[in-house]
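Peer 1: For the sequence shown, the positions run 0 to 307 when numbering that gives the first Met the number 0 is used.
Note that CB positions come from ideal geometry on N, CA and C, so glycine has one too.
Below is one structure. I have some questions about it.
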Amino acid sequence: MSDTKQNIFAKLKMGLSRTKENLVGNLEHIFVGFSRIDETFYSDLEDTLIMADVGVEATGFLVERLRRIAKERNITDPVQLKQVFVEEIQRILETVNSKLLDFNDRNKVYLIVGVNGVGKTTTIAKLAARFKENGRQVLLVAGDTFRAAATEQLMLWGERLGIPVIHHREGADPAAVVFDGMAAANARKADIVIIDTAGRLHTKINLMEELKKVKRVVAPNLGERSLETLLVLDATTGQNAVNQTKVFHEALQVDGLILTKLDGTAKGGITLAIANQFKIPIFFIGVGEKKEDLQPFEALAFTQALFE
Ligand SMILES: Nc1nc2c(ncn2[C@@H]2O[C@H](COP(=O)(O)OP(=O)(O)OP(=O)(O)O)[C@@H](O)[C@H]2O)c(=O)[nH]1
Ligand SMILES: [Mg+2]
């Protein structure tokens with residue numbers, strides 16, 4: 000591994016250390032604590048996975064795979080089955096391996112969606128900073144008009160990063176801001192447009208309708224650009240993140256996920272639940288609040304950081 004790769008890996012490992020304690024610590028007890036593979040072993044394994052937010056579906060899938068492989072390969076020692084288990088985890092995660100977002104790209108519009116507080120605006124700042132470092136001309140659009148502070152927060156980031164922010168006043172129609180944003184992007188020939196959106200309106204139905212409308216406004220104004228809708232999820236919210244993925248994906252056809260706060264008290268199992276259920280690529284994971292704490296998601300590195 001090169002130095003930078005090693006640094007990134009160390010950071011990922013540190014960021015995931017709490018997740019590791021929660022998920023892997025308990026698994027270790029099972030794989031080492033049981034002397035043979037029997038029904039109690041499988042049932043304890045299931046309980047542990049459910050408790051780690053892996054979800055009923057992914058847990059069922061994993062345990063079924065293990066049963067089959069144990070039988071096929073005549074594995075009777077739980078320690079031996081652990082290696083298989085790690086491989087199976089990696090296999091699930093590989094189905095959502097990020098098609099890496101390229102910070103040298105041009106002609107992209109990123110619509111950033113997600114419920115309130117998940118880390119949308121922070122993630123936008125992290126992404127914008129990276130694009131700018133690569134010499135890209137970035138434009139931010141303050142599509143969260145639900146509360147005044149949201150626009151202010153994005154404008155503050157814009158000032159800090161030296162990136163223009165298209166905005167309206169509080170309570171304005173988000174679709175109108177986005178319309179102006181796209182016009183500005185076309186006039187200024189911006190390479191990258193990143194649109195912030197509200198995480199909360201008066202009801203959930205309204206939010207989805209509002210976001211659909213925003214998407215409809217962006218589409219005909221793309222010019223040469225392509226649009227990607229990225230859903231930000233807070234990994235600490237456990238199964239809620241699964242429900243959010245379902246609702247947003249149904250309404251907006253999400254192209255990619257960003258999983259934040261994996262450094263916090265997250266159990267991390269949610270990554271598996273979502274990967275198994277939706278197969279939507281995970282573009283990035285957030286392992287802290289700093290710019291460099293936004294890491295590309297790589298199944299192999301993620302699995303290694305957890306289990307090594
Ligand atoms: N520990 C940690 N905190 C994060 C991460 N990403 C975001 N945060 C924090 O989460 C909080 C909410 O982040 P915001 O970016 O304001 O979230 P938002 O989705 O824009 O929220 P609304 O605008 O209310 O919808 C802030 O305190 C961020 O610093 C992360 O990866 N790890
Ligand atoms: Mg915000």
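Going by the CB atoms, is the gap between residue 14 and residue 231 shorter than 8 Å?
Peer 2: What you label residue 231 is simply residue 232 of the sequence shown in a count that begins at 1. What you label residue 14 is simply residue 15 of the sequence shown in a count that begins at 1. Result no, Cβ atoms of residue 231 and residue 14 do not sit closer than 8 Å.
Peer 1: Could you name the residues that DSSP lists as bridge partners for residue 138?
Peer 2: The count along the sequence shown starts at 1 and reaches residue 138 at position 139. The partner list for residue 138 (beta bridge, DSSP) reads 192.
Peer 1: How many Å lie between residue 112 and residue 119 at the Cα?
Peer 2: By 1-based counting over the sequence shown, the position of residue 112 is 113. By 1-based counting over the sequence shown, the position of residue 119 is 120. If I take the Cα positions, the gap works out to 7 Å.
Peer 1: Does the Cβ of residue 206 have 16 or more other Cβ atoms within 10 Å, making it buried, or fewer, making it exposed?
Peer 2: Residue numbering aside, residue 206 sits at position 207 when the sequence shown is read from its first letter. Label assigned to residue 206: buried.
Peer 1: Excluding the 5 residues preceding and the 5 following residue 197 in the sequence, name in chain order all residues of the same chain whose CB lies nearer than 6 Å to its CB.
Peer 2: Looking up residue 197 in the sequence shown gives position 198. Excluding residues within five positions, the ones whose Cβ falls inside 6 Å are 143, 145.
Peer 1: With three or more C-beta pairs closer than 8 Å as the rule, is the region 166–175 touching the region 84–94?
Peer 2: With a cut-off of 8 Å, the region 166–175 and the region 84–94 do not count as touching, because too few Cβ pairs lie within range.
Peer 1: For residue 281, which of helix, strand or coil comes out of DSSP?
Peer 2: Position 282 of the sequence shown, counted from the start, is the residue given in the question as residue 281. The answer is strand: DSSP assigns residue 281 an E or B state.
Peer 1: Looking at the structure shown, is residue 107 part of a helix, part of a strand, or coil, going by DSSP?
Peer 2: Here residue 107 refers to the residue found at position 108 when the sequence shown is read from its first residue. Strand, per DSSP.
Peer 1: For residue 42, report the span of its alpha helix (DSSP H) as first-last.
Peer 2: In the sequence shown, counting from the first residue as 1, residue 42 sits at position 43. Note, residue 42: alpha helix (DSSP H), 38–50.
Peer 1: Hey, which residues come within less than 7 Å of ligand 2, measuring from Cβ to any heavy atom, in chain order?
Peer 2: Working through the chain, the matches are 119, 120, 143, 149, 152, 195, 198.
Peer 1: If residue 136 and residue 189 are in contact, beta carbons under 8 Å, what's the gap, nearest whole angstrom?
Peer 2: Residue numbering aside, residue 136 sits at position 137 when the sequence shown is read from its first letter. Residue numbering aside, residue 189 sits at position 190 when the sequence shown is read from its first letter. Contact holds; Cβ gap of about 5 Å.
Peer 1: If you scan the region 230–274 from start to end, which runs of the beta strand (DSSP E) of 3 or more residues do you find wholly inside it?
Peer 2: Listed in chain order, the complete beta strand (DSSP E) runs (minimum 3 residues) inside the region 230–274 are 255–259.
Peer 1: Is residue 24 near residue 272, with beta carbons less than 8 Å apart?
Peer 2: What you label residue 24 is simply residue 25 of the sequence shown in a count that begins at 1. What you label residue 272 is simply residue 273 of the sequence shown in a count that begins at 1. Result no, Cβ atoms of residue 24 and residue 272 do not sit closer than 8 Å.
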